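Everything on this sheet refers to the single structure shown next.
In our numbering, the protein residues as written are 84 to 320.
If you want it as structure tokens, here you go:
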């Protein structure tokens, strides 16, 4: 009997967690659409266009390079599968610093993914935060529906959708900070411990030259076999 009760409770908790996440996703979509309707995209475009062209190109290139899927290392590389000694303790201080710098720059996308997974798992096992996020989503939906015609009247005062959205954004910031403060610090601490341990122990020196590869383009003249396996006739004198 107790097993059935615990199973039902676990199922109910999982359903509540999934419902809260779905509500949060819906809230974010509603907020995004509201900001767009109130000229948020125009403001962002104005700010972007005010930047020099070189700065815009630099930011665009940096964003593409930093969050490129090519920067995500495969699990075999991340865990050093097939390598003779992928993890060991380095004792030379200068080599330790060099290893940390290389690992942080080489595995940073994996570290970000690990942090995001820990945050999501911690959020799933925090019923208070899930209920708070679900209630916040309901509040946002209520405000958006009340101001769907552009404004609403509360005790004779007219409140536009833009002002209501700004007020809800401020309230949501404080509520989310209060709800997610413990989750944030726990995620930061646990992910920092795992990332620090991995970057300290993982010897990925064999992958240091991956960013120095040169892509050769152009016509090499003749067949590829002749280029890779030159004979006396093909070697210029």
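Backbone N, C-alpha and C fix where the C-beta goes; we use that ideal spot for every residue, glycine too. Just so it is clear, the structure is predicted and the values come from calculations on it, not from any experiment.
Determine the extent of the alpha helix (DSSP H) in which residue i is found, giving its start and end residues.
i: residue 179; result: 176-189
i: residue 222; result: 210-229
i: residue 274; result: 244-284
i: residue 158; result: 158-161
Spatial neighbours of residue i within its chain, please: CB distance less than 7 Å, with the 5 preceding and 5 following residues excluded, ordered by chain position.
i: residue 235; result: 229, 242
i: residue 255; result: 219
i: residue 172; result: 284
i: residue 291; result: 185
i: residue 187; result: 282
i: residue 269; result: 205
i: residue 179; result: 173
In its own chain, which residues sit with a C-beta less than 8 Å from the C-beta of residue i, not counting the 5 before and 5 after it?
i: residue 257; result: none
i: residue 163; result: 169, 170, 285, 286, 287
i: residue 239; result: none
i: residue 233; result: 243, 244
Residue range of the beta strand (DSSP E) that residue i falls in?
i: residue 234; result: 234-237
Quick test of your reading: residue i and residue j, contact by CB under 8 Å. State the CB separation rounded to the nearest angstrom.
i: residue 282; j: residue 183; result: 5 Å
i: residue 278; j: residue 206; result: Residue 278 to residue 206, Cβ: 19 Å. No contact.
i: residue 209; j: residue 160; result: In fact, because the Cβ distance is near 33 Å, the residues do not count as touching under 8 Å.
In chain order, what residues of the same chain have a beta carbon less than 6 Å from the beta carbon of residue i, not counting five sequence neighbours either side?
i: residue 166; result: none
i: residue 262; result: 212, 215
i: residue 259; result: none
(message) Quick check: the segment 268-275 against the segment 200-212, are at least 3 beta-carbon pairs closer than 8 Å?
(response) Counting Cβ pairs under 8 Å, three or more are found: they touch.
(message) Contact between the segment 244-256 and the segment 186-196 is defined here as three or more beta-carbon pairs at a separation below 8 Å; is this criterion met?
(response) They do not touch, by the three-pair rule.
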